[in-house]
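J.: In this text, residue positions in the sequence shown follow my numbering: the first is 361, and each later residue adds one. Got a structure for you, written out below as structure tokens; questions coming shortly.
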Amino acid sequence: YFSPRFVEYANKHSIYAIIENLLKRLIISKPDDPIEFLINVLKHESINKPSIFILGPPCSGKYTLGEYVAQRLNSVEGNQDTESTSKARIYANFLKNRLAEDDCEKNGYVLTGYPTTLEEGKALQRSGIFPEKIIVLDAPDKILKERAALKINESVNNEPSLDSEDITSAGKSEDLTYLNSQVVDYRHHFTTLSRIYMDKIIPISADRSLNEVFHRTMCHLSRPPRNSAIWTPRVLLLGFSGSGRKTVAEKLEKKYNLIPVHCGTLIRREVIRETKLGMDMKPYTDSHSAVPDEMVIDLLKTFLSEAACALKGWVLLGYPRTKLQAQALDETYLSPNRVIFLDINRADAITRLKSRKFGEQHESHYNTPRRSWIWRQPYAAFERVNFKFNRFAARRIELDEYYGNRALYVDADKDEETVFENVEYLIVNELPRLTFPE
């Protein structure tokens with residue numbers, strides 16, 4: 361298998377995405393001198409430049425949204441009234457030449473209102489124009505008609521009746537009958553057009569304010585598309601005791617075969633095995649003192665470098681607890697690529713821990729256990745619980761500040777399935793880009 365150091369470097373610097381992009385550009389452009397072409401692309405063009413289509417029926421707000429998105433991404437905005445496009449191939453060649461200009465090559469583009477038919481979409485593909493993502497706005501016909509009626513009223517009275525929060529955009533419709541035919545025509549053609557862009561389409565409801573539609577759009581655009589890169593999950597779960605870290609780790613192990621790694625359990629296992637490192641740790645564990653960071657890091661490096669962890673991925677619990685420990689972990693080639701805080705109210709977490717009891721398994725409704733047959737878990741004693749909470753709370757702020765934009769947050773004060781689904785979403789999807797202009 362690949363060395364963890366190689367995979368870490370490749371993922372950190374987006375090597376797979378760069379190679380994929382270069383190969384795509386090479387196939388589309390078919391230059392006479394491939395090496396010189398690739399050198400020029402790396403020197404003068406942006407690898408992660410946005411290439412976005414925004415589509416939708418009349419009065420869905422696509423043109424206004426296109427302006428906002430292009431401005432936010434500092435990209436070139438383009439739109440096309442498809443009625444004036446007599447031949448798809450001619451316009452596709454025009455677009456190809458326009459998108460090859462320096463401003464589009466450097467900053468990317470946002471194309472609004474085109475393509476609208478299967479013929480136009482295929483013409484763009486034949487010309488080598490492939491969007492990274494396609495935002496598709498839609499709203500019920502009733503909403504579209506209301507917006508069109510209000511827009512008609514504005515044009516008749518020559519004064520606006522609502523601001524852009526209420527009407528995000530409108531088409532050229534002169535009456536509602538014309539609008540109806542436009543909407544029907546759009547939906548008819550989009551059914552076939554969507555087949556060639558199925559894996560690129562992001563549907564967004566336009567039955568919202570402009571600000572909300574724009575926010576949802578930017579959330580989707582901030583996530584890079586999936587690629588075929590080798591990626592091994594290295595997940596760090598942080599949170600109060602009782603936040604559900606072990607439960608989430610068990611579910612990740614069951615569903616994705618990730619290796620759960622509890623630092624405290626790992627230390628105790630090493631001591632029981634009486635290895636050299638374990639014997640060095642024994643005086644600290646016997647006296648209930650903190651094991652030195654150097655020993656813990658050596659233990660983690662050894663365990664996480666094993667083939668099972670390197671191939672399957674892992675979920676780390678109970679470490680790091682301080683900024684210095686987090687720095688030490690990052691200095692290895694085993695730094696986490698997902699840092700997830702499970703947020704829960706302290707009082708609720710304490711209630712969870714105090715309610716935990718164990719004993720023989722019984723049927724909860726018809727064969728309930730006697731009170732004398734169950735015991736409270738030793739670590740759920742009030743003093744022990746309070747100590748753990750104070751320890752994490754004292755270092756929480758510095759961990760937040762250290763991980764910064766790498767930190768992801770999940771509300772853990774929900775049922776375990778909801779919490780797991782939210783954690784799962786953060787793991788299986790690409791992290792948001794952090795390079796969009798402010």
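Ideal Cβ placement from N, Cα and C applies to all residues, glycine included.
(1) Indicate the three-state DSSP secondary structure (helix, strand or coil) for Phe611 in the structure shown.
(2) Only counting the same chain, and skipping five residues up and downstream in sequence, which positions put a Cβ closer than 7 Å to that of Val783?
(3) Report the start-end ranges of each alpha helix (DSSP H) in the region 392-450 that is 4 residues or longer and not cut off at the edges.
(4) DSSP three-state call for Arg629: helix, strand or coil?
(5) In whole angstroms, give me the CA-to-CA distance for Gly421 and Pro593.
(6) Kindly provide the ranges of any alpha helix (DSSP H) runs that are 4 or more residues long and lie completely inside the region 642-722, ordered along the chain.
(7) Going straight from the alpha carbon of Pro500 to that of Asp567, what length do you get?
(8) Looking at the unbroken alpha helix (DSSP H) that takes in Thr472, where does it start and where does it end?
(9) From His373 to Gly678, what does the alpha carbon distance come to, in whole angstroms?
(10) So Ala483 is in the beta strand (DSSP E); what residue range does that whole segment cover?
(11) Using a Cβ-Cβ cut-off of 8 Å (strictly less than) and excluding sequence neighbours within five positions of Gln485, which residues of its own chain qualify?
(12) Would you mind sorting Ser487 into buried or exposed? The rule is 16 or more other CB atoms within 10 Å of its CB.
(13) Applying the 10 Å Cβ sphere with the 16-neighbour rule, what's the burial state of Gly764?
(14) Sort Phe454, Pro680, Leu702 by Cα distance to Arg751 and report the nearest one.
(15) Under 8 Å, with one C-beta from each stretch per pair, do the region 701-711 and the region 651-659 reach the 3-pair mark?
(16) So for Leu637, helix, strand or coil by DSSP?
(17) For the beta strand (DSSP E) holding Asp771, just list the boundary residues, first then last.
(18) Could you tell me whether the Cβ atoms of Val595 and Ile627 are closer together than 9 Å?
(19) Determine the closest residue to Val470 out of Leu702, Ile379, Glu427, Glu758, with distance taken between C-alpha atoms.
(20) Do you know how far the Cα of Glu461 is from the Cα of Ser435?
(21) Is any non-hydrogen atom of the ligand FMN found closer than 8 Å to the C-beta of Pro417, if you look at the structure I gave you?
(22) Under the three-state reduction of DSSP, which class applies to Arg751: helix, strand or coil?
(23) In chain order, what are the residue ranges of uninterrupted beta strand (DSSP E) at least 3 long that sit wholly in the region 536-595?
(24) Would you mind giving the Cβ-Cβ distance between Ala772 and Asp703, rounded to the nearest angstrom? I have them listed as a contact below 8 Å.
(25) Terminal residues of the continuous beta strand (DSSP E) containing Lys493?
(26) Below 8 Å on the Cβ atoms is my contact criterion, and I expect Pro475 with Ser411 to pass it. Report the Cβ-Cβ distance as a whole number of Å.
(27) Just to confirm before moving on: does the CB-CB distance between Leu553 and Thr472 stay below 9 Å?
T.: Taking the coordinates as given:
(1) Within the sequence shown, residue 611 is the residue found at index 251, counting from 1. This sequence places Lys at residue 611; Phe is not what is there. Of the three classes helix, strand and coil, the one that applies to Lys611 here is helix, per DSSP.
(2) Walking along the sequence shown from the start, residue 783 turns up at place 423. The residues are Val608, Ile700, Val770.
(3) 394-404, 422-433
(4) The count along the sequence shown starts at 1 and reaches residue 629 at position 269. The answer is helix: DSSP assigns Arg629 an H, G or I state.
(5) Translated into positions along the sequence shown, residue 421 becomes position 61. Translated into positions along the sequence shown, residue 593 becomes position 233. C-alpha separation (whole angstroms): 39 Å.
(6) 653-664, 667-672, 683-690, 706-715
(7) What you label residue 500 is simply residue 140 of the sequence shown in a count that begins at 1. What you label residue 567 is simply residue 207 of the sequence shown in a count that begins at 1. Going from the Cα of Pro500 to the Cα of Asp567 covers about 8 Å.
(8) For the purposes of this step, residue 472 is identified with residue 112 of the sequence shown, where counting begins at 1. Note, Thr472: premise wrong, no alpha helix (DSSP H); beta strand (DSSP E) at 469-472.
(9) The residue labelled residue 373 in the question sits at position 13 within the sequence shown. The residue labelled residue 678 in the question sits at position 318 within the sequence shown. Rounded to whole angstroms, His373 to Gly678 spans 28 Å at the Cα level.
(10) If you number the sequence shown from 1, residue 483 lands on position 123. Careful: Ala483 lies outside any beta strand (DSSP E), inside the alpha helix (DSSP H) at 478-486.
(11) Against the sequence shown, residue 485 aligns to sequence position 125. Only Ile556 meet the Cβ criterion.
(12) Sequence index remark: in the sequence shown, residue 487 carries index 127 (1-based). It counts as buried.
(13) Position 404 of the sequence shown, counted from the first residue, corresponds to residue 764. By the neighbour-count rule (16 or more Cβ atoms within 10 Å), Gly764 is not buried but exposed.
(14) Sequence index remark: in the sequence shown, residue 751 carries index 391 (1-based). Nearest of Phe454, Pro680, Leu702 to Arg751, Cα basis: Pro680.
(15) no
(16) Here residue 637 refers to the residue found at position 277 of the sequence shown. Three-state result, Leu637: helix.
(17) The count along the sequence shown starts at 1 and reaches residue 771 at position 411. Segment 767-771, the beta strand (DSSP E) holding Asp771.
(18) In the sequence shown, counting from the first residue as 1, residue 595 sits at position 235. In the sequence shown, counting from the first residue as 1, residue 627 sits at position 267. The answer is no: Cβ separation not under 9 Å.
(19) Locating residue 470 in the sequence shown gives position 110, where the first residue counts as 1. Residue Glu427 is the option with its Cα nearest to Val470.
(20) Working through the sequence shown from its first residue, we reach residue 435 at position 75. Working through the sequence shown from its first residue, we reach residue 461 at position 101. Rounded to whole angstroms, Ser435 to Glu461 spans 13 Å at the Cα level.
(21) For the ligand FMN, the structure offers nothing, since it holds no ligand at all.
(22) Locating residue 751 in the sequence shown gives position 391, counting from the first residue. Of the three classes helix, strand and coil, the one that applies to Arg751 here is helix, per DSSP.
(23) 561-565
(24) Position 412 of the sequence shown, counted from the start, is the residue given in the question as residue 772. Position 343 of the sequence shown, counted from the start, is the residue given in the question as residue 703. That pair is a contact at about 6 Å.
(25) Mapped onto the sequence shown, residue 493 falls at position 133. Run containing Lys493: 493-498, per the beta strand (DSSP E) assignment.
(26) Within the sequence shown, numbered from 1, the residue matching residue 475 stands at position 115. Within the sequence shown, numbered from 1, the residue matching residue 411 stands at position 51. About 14 Å separates the two Cβ atoms, so there is no contact after all.
(27) Here residue 553 corresponds to residue number 193 of the sequence shown, with the count starting at 1. Here residue 472 corresponds to residue number 112 of the sequence shown, with the count starting at 1. Not in contact: Leu553 and Thr472 (Cβ atoms no closer than 9 Å).
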